[in-house]
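Written below as structure tokens is the structure these notes are about.
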Amino acid sequence: MSRADAHADALSVHEAPTADTLLATRDLVIDIPERADSSPLHLTVNPGQCWGILGPNGAGKSTLLHTLARLRPPRAGGIELTGQPLGSLSRPDLARRLGLVFQNHHDGFPATVLETALIGRHPYLRPWDIETREDVDAARAALATVDLDGMEGRQVDTLSGGERQRLALATVLTQDPQVLLLDEPTSQLDLHHQVSVLQRVREIAGGERRAAVMALHDVNLAARFCDHLLLMFPDGGACWGPTRSMLVPAALERLYNQALSVGEVDGHPVFLPRVE
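Just so you know, we're using full-length UniProt numbering here: the sequence shown kicks off at 1 and counts up by one.
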């Protein structure tokens, strides 16, 4: 057994999938070319759960999310989405079940805020269909959720980085998938919008037949809004389970190569860097 595997076994809470499980990985090894040793992941994401992925830069958080979204192949193992092999789903069917918010956003063509949010409805349209009034209403409601109502006519290239990040979230909310994958959804957001976005993600994940998996850099936000955590270590090791069982100071200090001080506010743990 490798060092990475031994560490995963020491802390991880393995949960068998059920008929209700939305997303499951079995012996999943993500493909990071310069890394030969990575822990196989046995994740079970059930309805109502909000998972946070924590790890330093280069640990593979984005690679994992892209693998779960079928944007890049794994090195080994398998993934099931709503009980079916990920590779067996058509692209429209996959998009109706799973949505991904990327870390970086690029404007492929000129578009307004509303037109961009409406892209989320495309998996539900047949070729040459146009959006219905219900589609437009869904997009407007999603924009209001992220405080972009009243900006529907703005060109996307005039938005700030934080506004673009919120628009990306609104687009995937318009898509209405069962599983939300979010790659650093709070990047470029001010504190108010970090909290409001994570509150909204938490609410969505708590809905019927919904779940969320998101990569985060702020361990305190993860502790506050996530009920399960996956820790991805720089040596390829990983451990996962309920948030409380993962917030072990020694594990977090190893994760970030940083000494930490631990406190508690309103019943939630708080971790601060300790500077000698």
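Just so you know, even glycine gets a beta-carbon here, dropped at the ideal spot from N, CA and C.
Source: prediction; values computed, not measured.
Contacts around residue i, its chain only, beta-carbon distance under 7 Å, and the 5 residues preceding and following it disregarded
{"i": "T145", "result": "A170, L173 and R200"}
{"i": "R202", "result": "C50 and F225"}
Extent of the continuous beta strand (DSSP E) to which residue i belongs
{"i": "T262", "result": "One point to set straight first is that residue 262 is Val, not Thr, in the sequence displayed. Here the beta strand (DSSP E) through V262 covers L260 to V265."}
{"i": "R26", "result": "L23 to V29"}
{"i": "V179", "result": "V179 to D183"}
{"i": "H228", "result": "H228 to M232"}
{"i": "G77", "result": "A76 to L81"}
DSSP state of residue i mapped onto helix, strand, coil
{"i": "G99", "result": "strand"}
{"i": "D37", "result": "coil"}
{"i": "H42", "result": "coil"}
{"i": "T112", "result": "strand"}
{"i": "Q155", "result": "strand"}
{"i": "G237", "result": "coil"}
{"i": "V219", "result": "helix"}
{"i": "P56", "result": "coil"}
{"i": "P127", "result": "coil"}
{"i": "P73", "result": "coil"}
{"i": "P85", "result": "strand"}
{"i": "S2", "result": "The pLDDT assigned to S2 is 47, lower than 50, so where the model puts this residue is not dependable, and the model offers no usable value."}
Residue i: first and last residue of the uninterrupted alpha helix (DSSP H) it sits in
{"i": "V270", "result": "Taken as a continuous stretch (DSSP letters only), V270 belongs to no alpha helix (DSSP H), being part of the beta strand (DSSP E) at H268 to P273."}
{"i": "D137", "result": "R133 to T145"}
{"i": "P249", "result": "P249 to Y256"}
{"i": "H122", "result": "Note, H122: premise wrong, no alpha helix (DSSP H); not H, not E."}
{"i": "E163", "result": "G161 to Q175"}
{"i": "S203", "result": "Note that residue 203 is Glu in the sequence shown here, rather than Ser. Residues L191 to A205."}
{"i": "Q64", "result": "Sequence inspection shows Leu at residue 64; the Gln mentioned does not correspond to that position. Element bounds for L64: K61 to L68."}
{"i": "T243", "result": "T243 to M246"}
Straight-line Cα distance separating residue j from residue i
{"i": "G48", "j": "P17", "result": "14 Å"}
{"i": "S261", "j": "P242", "result": "21 Å"}
{"i": "S39", "j": "P185", "result": "25 Å"}
{"i": "S2", "j": "W128", "result": "Its pLDDT being 47, under 50, S2 is placed unreliably in this model, and the coordinates cannot settle the point."}
{"i": "S12", "j": "P177", "result": "28 Å"}
{"i": "A4", "j": "A76", "result": "A caution first: A4 carries a pLDDT of 45, below 50, which makes its placement in the model too unreliable to give a value."}
{"i": "D137", "j": "L216", "result": "30 Å"}
{"i": "L255", "j": "D135", "result": "43 Å"}
{"i": "G87", "j": "A69", "result": "10 Å"}
{"i": "L189", "j": "E15", "result": "34 Å"}
{"i": "V156", "j": "T21", "result": "37 Å"}
{"i": "S90", "j": "G267", "result": "44 Å"}
{"i": "A59", "j": "S160", "result": "28 Å"}
{"i": "V265", "j": "L43", "result": "30 Å"}
{"i": "L191", "j": "D147", "result": "14 Å"}
{"i": "A117", "j": "T132", "result": "14 Å"}
{"i": "V45", "j": "R35", "result": "26 Å"}
{"i": "T25", "j": "T67", "result": "11 Å"}
{"i": "S196", "j": "R166", "result": "10 Å"}
6 Å CB neighbourhood of residue i in its chain, flanking five on each side removed
{"i": "A6", "result": "Note on A6: pLDDT 48, under 50, position unreliable in the model; the coordinate value appears next. Here the set comprises nothing."}
{"i": "G263", "result": "V270"}
{"i": "R209", "result": "P47 and Q178"}
{"i": "A205", "result": "C50, A211 and A212"}
{"i": "L180", "result": "G99 and A212"}
{"i": "P234", "result": "P56 and A59"}
{"i": "G153", "result": "T112"}
{"i": "Q175", "result": "G99 and G120"}
Residues near residue i in its chain [Cβ-Cβ closer than 8 Å; skip 5 each side]
{"i": "P33", "result": "none"}
{"i": "L198", "result": "P185, T186, L221, R224 and F225"}
{"i": "E276", "result": "A259"}
{"i": "A19", "result": "G83"}
Chain B within 8 Å of residue i, Cβ atoms only
{"i": "T44", "result": "Note that chain B does not occur in the displayed structure, where there is just one protein chain."}
Take every Cβ of the stretch 92-99, pair it with every Cβ of the stretch 51-64, and state whether three or more of those distances are shorter than 8 Å. no
When you compare the stretch 105-125 with the stretch 221-232, are there three or more beta-carbon pairs, one atom per stretch, that lie closer than 8 Å? no
Does the contact criterion of 3 or more C-beta pairs under 8 Å hold for the stretch 17-32 versus the stretch 56-68? yes
Any 3 or more C-beta pairs closer than 8 Å across the stretch 118-132 and the stretch 80-88: no
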